[in-house]
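Visitor: Using my numbering, the first residue of the first sequence is number 114, and each one after it goes up by one.
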Amino acid sequence: MINPNLTEQEAIDIQQQLRGQVIATDHLPAEIKLIAGVDVEYDKDSNAIAGAFVLLDYHTLEVVEVATHCMEVTFPYIPGLFSFREMPVLLEAWQKLQQHPDIIICDGQGRAHPRRFGLACHMGVLLDKPTLGCGKTRLFGKYDPPAAERGAVSPLLAEDDGEHIGNALRTQKDINPVFVSVGHKISLDTATSLVLKMCTEYRLPETTRKADHYGREAFLAYKNGTIPPLQ
DNA sequence: GCGACAG
DNA sequence: ATCTTGTCGC
Numbered sequence: 114m115i116n117p118n119l120t121e122q123e124a125i126d127i128q129q130q131l132r133g134q135v136i137a138t139d140h141l142p143a144e145i146k147l148i149a150g151v152d153v154e155y156d157k158d159s160n161a162i163a164g165a166f167v168l169l170d171y172h173t174l175e176v177v178e179v180a181t182h183c184m185e186v187t188f189p190y191i192p193g194l195f196s197f198r199e200m201p202v203l204l205e206a207w208q209k210l211q212q213h214p215d216i217i218i219c220d221g222q223g224r225a226h227p228r229r230f231g232l233a234c235h236m237g238v239l240l241d242k243p244t245l246g247c248g249k250t251r252l253f254g255k256y257d258p259p260a261a262e263r264g265a266v267s268p269l270l271a272e273d274d275g276e277h278i279g280n281a282l283r284t285q286k287d288i289n290p291v292f293v294s295v296g297h298k299i300s301l302d303t304a305t306s307l308v309l310k311m312c313t314e315y316r317l318p319e320t321t322r323k324a325d326h327y328g329r330e331a332f333l334a335y336k337n338g339t340i341p342p343l344q
């Protein structure tokens, strides 16, 4: 689905071509039962990476299923072309799932992107699933810091045309905000309240935290099983 | 020309 | 992403 040998310009052309398929309004199932988190781990001194998909029960936040995949990175890190680096592993992990979620929370931006097509949009369009982006830091857009209270929101506005491309959301009192934006088949308002709802105890959504946990665990097992033990 | 730049 | 434990401050 993603050719690893793309040039930078070819990747940009693909973004321009797919951006028109993004739906920025709510097209969610009548009842949300499963919500997914994704994350990718990087090895310190090799090009090995691990991608993880974790499915949580929407109401209890209990882990329902985990799928991971390890491989070599095929695309460099280029701000704005992040999805071409992380999508391959995540697609592999996705195919290992026995069931699919109703919505996916991505670790990165969606529409809050210079070409309005961040990782969350790319994943949403390729999988035809509702997705949203929840990044720890800003990639694109200007904003004023939201108020200190949990739930405070401040609009993220595009530098170029002023479009409201996302929200800086304070998920815990006095803790740095996260950046929420539409991925696919969801509205910004729904995405924002959903992220807040998933941040029960920490700054980041439980989906992202669980994906990080299981991804790291799988990565360690992969490295320990592949590389002969030292000493 | 100089910074900024998801993970 | 990764390097990284204790430590300073409320």
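All C-beta atoms, glycine included, are put in the ideal place defined by N, C-alpha and C.
Residues in its own chain within less than 7 Å of THR320 by CB, not counting five upstream and five downstream?
Guide: The residue labelled residue 320 in the question sits at position 207 within the first sequence. These residues qualify, in order along the chain: ILE148, ALA149, GLY150, VAL167, LEU169, ILE218, MET311.
Visitor: Near ASN160, which residues of its chain fall below 8 Å by C-beta distance, leaving aside the five closest residues on each side in sequence?
Guide: Within the first sequence, the letter at position 47 stands for residue 160. For ASN160, where only same-chain residues beyond five positions count, the Cβ hits under 8 Å are GLU185, VAL186.
Visitor: What are the boundary residues of the alpha helix (DSSP H) that includes LEU301?
Guide: Taking the first residue of the first sequence as position 1, residue 301 is located at position 188. Start and end: 301-311.
Visitor: Who are the Cβ neighbours of GLN344 in its own chain at under 8 Å, not counting the five residues just before and after it?
Guide: Your numbering for residue 344 matches position 231 in the first sequence. Only weak support exists for where GLN344 lies, its pLDDT of 35 falling under 50; the value from the coordinates is given anyway. Once the five neighbours on either side are set aside, GLN344 has no close Cβ partner at all.
Visitor: State the start and end residues of the unbroken beta strand (DSSP E) segment that holds ASP152.
Guide: Start at 1 with the first residue of the first sequence, and residue 152 comes out as number 39. Unbroken beta strand (DSSP E) run through ASP152: 147-155.
Visitor: I need the DSSP call for HIS326, collapsed to helix, strand or coil.
Guide: As a first step, residue 326 must be located in the first sequence, where it is residue number 213. Note: HIS326 maps to helix in three-state DSSP.
Visitor: CB-CB under 6 Å to LYS298, same chain, minus the five flanking residues each way: which ones, in chain order?
Guide: The count along the first sequence starts at 1 and reaches residue 298 at position 185. Counting only Cβ-Cβ distances below 6 Å, and skipping sequence neighbours, we find ILE136, HIS140, PRO243.
Visitor: Quick one: what's got a C-beta closer than 6 Å to GLU154's C-beta in the same chain, skipping five residues either side?
Guide: Looking up residue 154 in the first sequence gives position 41. The answer, listed in chain order, is ALA163, GLY328, ARG329, PHE332.
Visitor: Using the Cα positions of PRO290 and GLY275, report the straight-line distance between them to the nearest angstrom.
Guide: Position 177 of the first sequence holds residue 290. Position 162 of the first sequence holds residue 275. If I take the Cα positions, the gap works out to 20 Å.
Visitor: Bridge partners for HIS297 per DSSP, in chain order?
Guide: Along the first sequence, read from residue 1 onward, the residue named residue 297 stands at position 184. HIS297 is bridged to THR244.
Visitor: Buried or exposed, going by whether 16 or more other CB atoms sit within 10 Å of the CB of THR284?
Guide: The residue given as residue 284 occupies position 171 in the first sequence. Buried, since its Cβ has 16 or more Cβ neighbours within 10 Å.
Visitor: Could you work out which residue in ASP126, LEU252, HIS326, ILE278 is closest to PRO268 when comparing CA atoms only?
Guide: Translated into positions along the first sequence, residue 268 becomes position 155. Out of ASP126, LEU252, HIS326, ILE278, ILE278 has the C-alpha closest to the C-alpha of PRO268.
Visitor: Using 8 Å as the threshold, is the region 173-181 in touch with the region 254-273, meaning 3 or more CB pairs across them?
Guide: No: fewer than three Cβ pairs fall under 8 Å.
Visitor: Start and end of the alpha helix (DSSP H) containing ASP126?
Guide: On the first sequence, position 13 is the one that residue 126 refers to. Counting along the chain, the alpha helix (DSSP H) containing ASP126 begins and ends at 121-131.
Visitor: CB-CB under 8 Å to GLU121, same chain, minus the five flanking residues each way: which ones, in chain order?
Guide: By one-based count along the first sequence, residue 121 stands at place 8. ILE191, LEU194, listed in sequence order.
Visitor: According to DSSP, is THR137 helix, strand or coil?
Guide: Taking the first residue of the first sequence as 1, we reach residue 137 at position 24. The sequence given here has Ala at residue 137, not Thr. It is coil, neither helix nor strand.
Visitor: Enumerate in chain order the residues of its own chain whose CB-to-CB distance from HIS182 is below 6 Å, with the five nearest sequence positions on each side excluded.
Guide: Indexing the first sequence from 1 puts residue 182 at position 69. So the list reads GLY164, VAL202, GLU205, ALA206, once near-sequence residues are dropped.
Visitor: With ALA271 as the anchor, note down where its alpha helix (DSSP H) starts and where it stops.
Guide: Stepping through the first sequence from its first residue, residue 271 is reached at position 158. Taken as a continuous stretch (DSSP letters only), ALA271 belongs to no alpha helix (DSSP H), as it is neither H nor E.
Visitor: How about ILE145 and ASP241: do their beta carbons lie closer than 8 Å?
Guide: Taking the first sequence and counting its residues from 1, the one referred to as residue 145 is at position 32. Taking the first sequence and counting its residues from 1, the one referred to as residue 241 is at position 128. No; because the gap between Cβ atoms is not below 8 Å, this pair is not in contact.
Visitor: Determine the direct distance from the alpha carbon of LEU309 to that of GLY246, and round the result to whole angstroms.
Guide: The residue labelled residue 246 in the question sits at position 133 within the first sequence. The residue labelled residue 309 in the question sits at position 196 within the first sequence. Roughly 13 Å between the two C-alpha positions.
Visitor: Quick check on VAL238: does DSSP put it in helix, strand or coil?
Guide: Start at 1 with the first residue of the first sequence, and residue 238 comes out as number 125. Note: VAL238 maps to helix in three-state DSSP.
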